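Since the structure comes first, as structure tokens, the remarks are kept for the end.
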Amino acid sequence: MRHLDVKQIEEIIPHRHPFLLVDYIEDYEPGEFAVGYKCVTFREDFFRGHFPQEPVMPGVLMVEALAQVGAVAILSLEDMKGKTAYFGGINKCKFRRKVIPGDKLRLETKIIRRKGPVGIGSAVASVDGEVAVEAELTFMIG
Numbered sequence: 137m138r139h140l141d142v143k144q145i146e147e148i149i150p151h152r153h154p155f156l157l158v159d160y161i162e163d164y165e166p167g168e169f170a171v172g173y174k175c176v177t178f179r180e181d182f183f184r185g186h187f188p189q190e191p192v193m194p195g196v197l198m199v200e201a202l203a204q205v206g207a208v209a210i211l212s213l214e215d216m217k218g219k220t221a222y223f224g225g226i227n228k229c230k231f232r233r234k235v236i237p238g239d240k241l242r243l244e245t246k247i248i249r250r251k252g253p254v255g256i257g258s259a260v261a262s263v264d265g266e267v268a269v270e271a272e273l274t275f276m277i278g
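The opening position of the sequence shown corresponds to residue 137 in my numbering, with each subsequent residue numbered one higher.
Printed below as a string of structure tokens:
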């Protein structure tokens with residue numbers, strides 16, 4: 137298993153706090169997959185407005201976190217170092233459960249297709265084995 141802490145993640149992708157949504161990578165294989173985690177705390181900036189009376193992690197941020205994990209997988213390839221992965225599309229996205237403060241969000245993205253600078257990842261975020269969101273993410277490398 138290959139592990140990455142937040143500083144090592146920052147060496148691969150350009151995101152920084154408060155928009156870096158991955159706390160650590162538990163395992164990854166360059167160009168194949170990555171599994172990471174976001175430890176959701178009440179102190180997240182977005183909870184001040186979404187929703188103060190019932191804090192819920194925005195679905196779009198869960199999808200972004202999955203994309204960041206996928207970016208670690210693809211940008212850790214030797215020939216991709218120093219590049220940026222951009223969203224090309226989001227397909228088959230389903231939200232299945234709320235994510236709230238105290239949840240440990242498991243983020244897994246598998247690269248299922250790649251041709252040149254464009255690829256597709258199959259992504260699933262879950263809490264305690266229960267799926268929170270799943271999607272197919274298209275990325276473009278620039």
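Note that beta-carbon positions come from the ideal geometry of N, C-alpha and C, so glycine has one too. For clarity, every value in this text was computed on a predicted model and none was experimentally measured.
Quiz item: Tell me the DSSP bridge mates of Ala-221?
Solution: The sequence position of residue 221 within the sequence shown is 85, counting from 1. Partner residues in the beta bridge of Ala-221, as assigned by DSSP, are Ile-277.
Quiz item: Are the region 220 to 234 and the region 185 to 202 touching by the rule of at least three beta carbon pairs closer than 8 Å?
Solution: These segments touch.
Quiz prompt | Nearest candidate by alpha-carbon position, reference Gly-265, set Met-137, Leu-241 and Arg-184 | solution = As a working note, residue 265 is residue 129 in the sequence shown. Here the closest residue by C-alpha is Leu-241.
Exercise. State the DSSP-derived secondary structure class of Val-260, mapped to helix, strand or coil.
Key: For the purposes of this step, residue 260 is identified with residue 124 of the sequence shown, where counting begins at 1. Residue state, collapsed to three classes: strand.
Quiz item: Which residues bound the beta strand (DSSP E) around Lys-246?
Solution: In the sequence shown, the residue the question calls residue 246 occupies position 110. Under the DSSP assignment, Lys-246 falls in the beta strand (DSSP E) whose first and last residues are 240 to 251.
Quiz item: Does the Cβ of Ile-182 have 16 or more other Cβ atoms within 10 Å, making it buried, or fewer, making it exposed?
Solution: For the purposes of this step, residue 182 is taken as residue 46 along the sequence shown, with counting starting at 1. The sequence as given places Phe at residue 182; Ile does not occur at that position. When all chains shown are included, Phe-182 counts as exposed.
Exercise. Would you kindly check if the distance between the Cβ of Lys-174 and the Cβ of Leu-243 is under 8 Å?
Key: Within the sequence shown, numbered from 1, the residue matching residue 243 stands at position 107. Within the sequence shown, numbered from 1, the residue matching residue 174 stands at position 38. Remark: C-beta atoms of Leu-243 and Lys-174 approach each other more closely than 8 Å.
Quiz item: Using CA coordinates, which residue listed in Thr-177, Arg-232, Tyr-160 and Gln-189 is at the minimum distance from Val-269?
Solution: Reading the sequence shown from its first residue, position 133 is the one you call residue 269. Closest option to Val-269, Cα to Cα, is Arg-232.
Quiz item: Apart from the five residues just before and just after Val-254, which ones in its own chain have a Cβ nearer than 6 Å to its Cβ?
Solution: The residue labelled residue 254 in the question sits at position 118 within the sequence shown. Closer than 6 Å at the Cβ level, and outside the excluded window around Val-254, lie Met-276.
Quiz prompt | Per DSSP, the bridge partner or partners of Gly-172 | solution = For the purposes of this step, residue 172 is taken as residue 36 along the sequence shown, with counting starting at 1. Checking the DSSP bridge columns, you'll see Gly-172 partnered with Ile-161 and Leu-243.
Exercise. Kindly identify the DSSP beta-bridge partner or partners of Gly-255.
Key: Counting from 1 along the sequence shown, the entry for residue 255 is found at position 119. Gly-255 pairs with Arg-250 and Phe-275.
Exercise. Would you identify the three-state DSSP class for Phe-231, choosing helix, strand or coil?
Key: To locate residue 231, count along the sequence shown from 1; it is residue 95. Shown here, Phe-231 sits in a strand according to DSSP, grouped into three states.
Quiz item: For Thr-177, does the count of other Cβ atoms within 10 angstroms reach 16, so buried, or fall short, so exposed?
Solution: As a position in the sequence shown, residue 177 is number 41, starting the count at 1. In the assembly as shown, Thr-177 is an exposed residue. Its beta-carbon has fewer than 16 other beta-carbons within 10 Å.
Quiz prompt | 8 Å Cβ cutoff met for Asp-89 and Met-137 | solution = Only positions 137 to 278 of the chain appear in this structure, which leaves residue 89 out of reach.
Quiz item: Would you report the Cα separation of Lys-251 and Val-267, rounded to the nearest angstrom?
Solution: The residue labelled residue 251 in the question sits at position 115 within the sequence shown. The residue labelled residue 267 in the question sits at position 131 within the sequence shown. Roughly 29 Å separates the two Cα atoms.
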